[in-house]
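Position in the sequence shown counted from 1, then plus 28, gives you my numbering.
Quick notes on the structure that follows.
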Amino acid sequence: MSQKTNTPAEPDWLSPANDRKTPYTDAELDRFAMDFIAMNRDVPVWRNLIAKVGEQEAIAVARQRLAARDPRSLLILTPVGRVN
């Protein structure tokens, strides 16, 4: 006799109901950027950028690019309608 399990078809992290409702915080973006640079330190593009502008500026570039990918980021917010 087989037992029926109540497991969802997809994991919780794939459910749209669990999507973020707010932009990432500055601390989260800083952590993401530092981790991104650490993981990609040997990729030629990032290695060259770090050599050219330094690690802190490379982290700032990564942070800006990660923030721009967040659909709720205030950095990419564009007004609709008249701007006075």
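Using N, Cα and C, we set each Cβ at its ideal position, and we do this for glycine too.
query, result
"Output yes or no for whether 8 Å exceeds the beta carbon distance between residue 50 and residue 93.", "no"
"Tell me the residue span of the alpha helix (DSSP H) that contains residue 70.", "It is not in any alpha helix (DSSP H) - residue 70 carries neither H nor E in the DSSP assignment."
"Given that a residue counts as buried once 16 or more other Cβ atoms are within 10 Å of its Cβ, and exposed if not, what is residue 42?", "exposed"
"Under the assumption that residue 97 contacts residue 61 (Cβ atoms under 8 Å), give the Cβ distance between them as a whole number of angstroms.", "Wrong, their Cβ atoms sit about 12 Å apart, outside the cutoff."
"Report all residues from its chain with a CB closer than 6 Å to the CB of residue 74; omit the five preceding and five following residues, and keep chain order.", "68"
"Measuring only the C-alpha atoms, how far is residue 38 from residue 48?", "18 Å"
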